[in-house]
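Going by the numbering used here, the first residue of the sequence shown is number 7, and it counts up by one from there.
Using N, Cα and C, we set each Cβ at its ideal position, and we do this for glycine too.
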Amino acid sequence: MSVSPLSSHPFSTHSPICGFPAPTDTVTARQPRGQERAITGNRQTSWAFADAFVAEDEALRWARDRARDAGLRSVSPGTGAALGMLAATVEAKAVAEIGTGTGVSGIHLLHGMRPDGVLTTVDPEPERQQFARTAFQAAGFAANRARFIPGRALDVLPRLADGGYDLVFCDGDRTECLDYLAESLRLLRPGGLVCFEGVFADGRTVDSGPQPVEVLRLRELLRAVRESQDLVPSLLPVGDGLLCAVKR
Ligand SMILES: C[S@@+](CC[C@H](N)C(=O)[O-])C[C@H]1O[C@@H](n2cnc3c(N)ncnc32)[C@H](O)[C@@H]1O
Numbered sequence: 007m008s009v010s011p012l013s014s015h016p017f018s019t020h021s022p023i024c025g026f027p028a029p030t031d032t033v034t035a036r037q038p039r040g041q042e043r044a045i046t047g048n049r050q051t052s053w054a055f056a057d058a059f060v061a062e063d064e065a066l067r068w069a070r071d072r073a074r075d076a077g078l079r080s081v082s083p084g085t086g087a088a089l090g091m092l093a094a095t096v097e098a099k100a101v102a103e104i105g106t107g108t109g110v111s112g113i114h115l116l117h118g119m120r121p122d123g124v125l126t127t128v129d130p131e132p133e134r135q136q137f138a139r140t141a142f143q144a145a146g147f148a149a150n151r152a153r154f155i156p157g158r159a160l161d162v163l164p165r166l167a168d169g170g171y172d173l174v175f176c177d178g179d180r181t182e183c184l185d186y187l188a189e190s191l192r193l194l195r196p197g198g199l200v201c202f203e204g205v206f207a208d209g210r211t212v213d214s215g216p217q218p219v220e221v222l223r224l225r226e227l228l229r230a231v232r233e234s235q236d237l238v239p240s241l242l243p244v245g246d247g248l249l250c251a252v253k254r
């Protein structure tokens, strides 16, 4: 019987710590190494763990429930945590969001932004924005922290200021994602971030079978972001895939 390399680690334990699962690999016959370990490891379990890593509060649960009632998909907890962390990293004072929904992503963004930061959020459905307004209030954000603009992104974004935003989050109509990229490049200051939610399209982006137009557009978006000389990209495997890029 071999002994796990983890058993000599100072943080090694046989009981759970702070919600981390107890190690199960202490009595396995042979430990996979390097690349073999990366391939055989249980990626699904690790991704599920990463997505549930940051707990959500009452206001977020309420906004999620309203989204579920409306048949809407909100960002996953892991994606929300990544958005909040990115907003904090760029010390975001001005964020533009395409696709308010019922406010789940908005709450995460506001948590990461500067205390005087303003979230400008666009959605053609005013009832959804009303739920988001209630959720932001329940989460403790003053009314002046969010500017709700009812309308379609491609009608509203041209009215927003060039270079006036630290972060643009795109979660609206996926068939318009290339237009959102062009608008984001105009809206962002140098060093600002653009993020696109759902670029895995539930696995269809990498599926070789015939795909709907939204998936074809997402593939074009991924290619455009990867090849752009103006962007420093990273595709984060949280939720349904969060494509992020910094504008040079
Ligand atoms: C997936 S939901 C957004 C969820 C939200 N970001 C969250 O995580 O809580 C997509 C939203 O985009 C909105 N939407 C659809 N087409 C749009 C467009 N052309 N411009 C802006 N928003 C749009 C929908 O009304 C819907 O509320």
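*Tell me where the alpha helix (DSSP H) around Pro-83 begins and ends.*
For Pro-83, the enclosing alpha helix (DSSP H) starts and ends at 83-95.
*Residues near Ala-58 in its chain [Cβ-Cβ closer than 7 Å; skip 5 each side]*: Pro-83
*Which first and last residues belong to the beta strand (DSSP E) in which Thr-127 is found?*
124-129
*Report yes if the C-beta distance between Thr-127 and Glu-103 is below 8 Å; otherwise report no.*
yes
*Can you tell me the Cα-Cα spacing of Arg-74 and Glu-64, whole angstroms?*
15 Å
_Just verifying my parser: in three-state terms, what is the DSSP assignment at Leu-166?_
The answer is coil: DSSP assigns Leu-166 none of H, G, I, E or B.
*Could you please give me the residues that DSSP links to Ser-214 through a beta bridge?*
Bridge partners of Ser-214: none, in fact.
_For Gly-198 and Lys-253, believed in contact at Cβ under 8 Å, the rounded distance_ = 5 Å
_What does the alpha-carbon distance come out to for the pair Gln-50 and Phe-206?_
15 Å
*Should Arg-158 be counted as a contact of ligand 1 given a C-beta to heavy atom distance under 7 Å?*
Flag set: Cβ of Arg-158 near ligand 1.
*Does DSSP put Ser-190 in a helix, a strand or coil?*
helix
*Got a sec: does ligand 1 put a non-hydrogen atom nearer than 7 Å to the Cβ of Ala-73?*
yes
*By DSSP, does Glu-203 sit in helix, in strand, or in coil?*
Residue state, collapsed to three classes: strand.
*In terms of residue numbering, what span does the alpha helix (DSSP H) encompassing Val-244 cover?*
Unbroken run through Val-244: none, as it is neither H nor E.
*The alpha helix (DSSP H) enclosing Ala-98, as first and last residue numbers*: First-last for Ala-98: undefined, no H or E at that position.
*How should Asp-177 be labelled, buried or exposed, when 16 other C-beta atoms within 10 angstroms of its C-beta is the threshold for buried?*
The residue in question, Asp-177, is buried, as its Cβ has 16 or more Cβ neighbours within 10 Å.
*asked:* I'd like the span of the alpha helix (DSSP H) that includes Phe-55, first residue to last.
replied: 49-57
_Ala-144 - DSSP class collapsed to helix/strand/coil_ = helix
*Have a look at Asp-246, Tyr-171 and Val-231 and flag the residue whose alpha-carbon is nearest the alpha-carbon of Pro-239.*
Val-231
*CB-CB length for His-114 against Ala-94, believed under 8 Å*: His-114 to Ala-94, Cβ: 11 Å. No contact.
*Got a sec, what are the start and stop residues for the alpha helix (DSSP H) Arg-223 sits in?*
219-233
*Compute the distance between the beta-carbons of Ala-56 and Val-219, then report whether it is under 8 Å.*
no
_Close beta carbons around Glu-62, own chain, < 6 Å, minus the five adjacent residues each side_ = Pro-83
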